[in-house]
Amino acid sequence: MTKGRKTVLIAVAVLLVSVVVYSAVTVFFPTRRLALTKFHGPSGGAVFGLSYVEPTFENHVIYLSSNVIVGTVLTTPLEGASVGFYDVRVEENILSRMAESTIKVYAENKLFEVGETYLMLLSRFAATVYPFDFYVADLEFTFRVDVPSGQVMRLVDPAERVFIAPFQDPQYNSFSRLREYIRSLAPANQVRSSRFLRNRDAQVLEEAPSHAALINMADHILLIEVVSSELISNGMLTRAGFITLEEFKGEGTHGAYSLLLPPDALASQRHLVFLVEAEDGGVTWATRRGSIVADDDPEFSPLLEKLTASRR
Amino acid sequence: MRKTFVILALVLIVASPTIVSAMAPRTLTVFHSDLNTIGFNPNRAIWTYLFDDGFTPGDFAAYVDHARNQWVRAGIHTSRVNDRPAASIEIFGGTRSRLEQEEPRLQGRVGVAIIVKSANVGNHIYNCPTLGARTISNHRLDSVRVWVPQRGWLLLWWQRTDRNRTTFTHELGHALGWFGHSQNSQDVMYGADGMRPILTARDIEHLRQNY
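Protein chains in written order, with our numbering: chain E, 26 to 337; chain D, -13 to 197.
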């Protein structure tokens, strides 16, 4: 058998196995659809997303959630911020287990209230530009858990704090029954959620062990000057317009017209930036700490000298 | 003093017929959203920004223009401006990795519209044939941000084009006042991804009545 023919046969076999596995998952883990209670009232919601999947509760659990938890809200974002981080104590892991007992949940302000316990559909988010990993709350399915009665209520109007019984079939409005139902969706979630949640299992490198390692791992190393800066809506980063003063490694930055920098990056300040290419062609910080070095940082001069020397 | 106030009020009424007409309580003839809220955007000036080469500038402009042309069919005209403060609609494009860092709520979504500033300006009435009279909350939109990342390269080019056109048109619809989503999967304003780049009569009639 020729090498080319063998390759084609292997490819066909892989394709067939994939189809069989996918069909088996569909057959053995069929998706039911719980009918949601219709909400006939105004909504103060301010975020509208076009979802990858049909907007059913099951699809949001299976495709769009890395974790489902019961959590109690400990703190809210700063007053006046439109969006930000809540500290949430994890009371129970329902879908996938998280190691942390307290997590950061990203959502618009006033979605959750301190002291209340919610069933949260979450998607994990890990990126070097943020100082910690966090979880993004699914706005469409926010459930408050009433511990004494064992019932769940769905938040349908965050501005007016309107809650309704979520499902038309009343047995699923009981927390214990809903928890059981969500757990039954776990096998399908394991197979399907990685399709749309790129960050589900991403691991972020906190810091390079040495300057040499940082230089080695970066796809692009630039000396830039910030020409404009604007704090993004969550206040955690600055969107900086820049000019490149020196390019030590890599060619161009894949058309990046602006870079995300720490919130204190100032116009006219110089920075050494160590970037890696993302799968989709964008660029991001190589590590969580040490990839953006401002000219008032003690590390700036030694790094610049090392980079300049390496060019000679 | 009172005379000045009356003159000012008259000037405002004469100069802003669109705003006044959209703010006036009325009885809506149809209603296709899953929320009892509708809005209007009196400014309708669009400012666009590309973060990186997720889209080519030409493709990005073409998708925005497609969306604008679709809403012209509903009688809702928009303009493009280079001066950001003059715009009430900001549209951001780029690679998914970059846009998600700026707006993590994009995760699992093909596009997001975020209402940054709005005001409730009164109520309309909709006489629903099945549920009876419903109160529809009417909002004036002053600032909306739209985020649309590039598509994966696994899609065939015509699928990518049609899906992008659908997303841009859908998100511009939110920026112009379409709150919530349609329950009909044929509509551009339905809540799930698809290839529906042309507004349906339902999409159009829902929002046109608030302008």
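Glycine residues also receive a C-beta, built at the ideal position from the N, C-alpha and C atoms.
Item: Beta-carbon neighbours of E:Tyr77, restricted to chain D and to distances below 9 Å; Value: Gly94, Arg95, Val96, Ala178 and Asp179
Item: Pair within 8 Å by beta-carbon distance, E:Pro191 and E:Val177; Value: yes
Item: C-alpha distance - E:Leu262 paired with D:Arg59, whole-angstrom precision; Value: 39 Å
Item: Residue-chain proximity (D:His156, chain E), Cβ-Cβ < 8 Å; Value: yes
Item: Contact list for E:Phe150 against chain D, beta-carbon separation under 7 Å; Value: Pro90 and Gln93
Item: Neighbour flag for D:Gly108 against chain A, beta carbons, 8 Å; Value: This model lacks chain A altogether, as its protein chains are E and D.
Item: When E:Val154, E:Leu144 and E:Leu164 are compared against E:Ala184, the one with the closest alpha-carbon; Value: E:Leu164
Item: Check whether D:Ala73 and D:Phe154 have beta carbons under 8 Å apart; Value: no
Item: Three-state secondary structure assigned by DSSP to E:Gln193; Value: coil
Item: Residue-chain proximity (D:Gln172, chain E), Cβ-Cβ < 8 Å; Value: no
Item: Runs of beta strand (DSSP E) wholly within the region 226 to 264 of chain E (minimum 3 residues, chain order); Value: 245 to 256
Item: Range covered by the alpha helix (DSSP H) that runs through E:Leu203; Value: Phe200 to Ser209
Item: Interface partners of E:Tyr282 on chain D, CB under 7 Å; Value: Leu36, Phe37 and Asp38
Item: E:Val298 and E:Leu247 closer than 8 Å at C-beta; Value: yes
Item: Identity of the residue in E:Val108, E:Ala152, E:Tyr155 and E:Leu203 nearest E:Met145 by Cα; Value: E:Leu203
Item: Limits of the unbroken beta strand (DSSP E) element including D:Gly25; Value: Thr23 to Phe26
Item: Endpoints, beta strand (DSSP E) assigned at E:Thr167; Value: Phe159 to Asp171
Item: Inter-residue spacing [alpha-carbon to alpha-carbon] between E:Pro323 and E:Phe82; Value: 51 Å
Item: Contact under 8 Å by Cβ, E:Glu138 with E:Ala71; Value: no
Item: Contacting residues, own chain, Cβ-Cβ under 7 Å from D:Asn29 (five flanking each side not counted); Value: Ser74
Item: Near-chain D residues of the region 96 to 127 of chain E (beta-carbon distance less than 8 Å), N- to C-terminal order; Value: Ser107 and Val108
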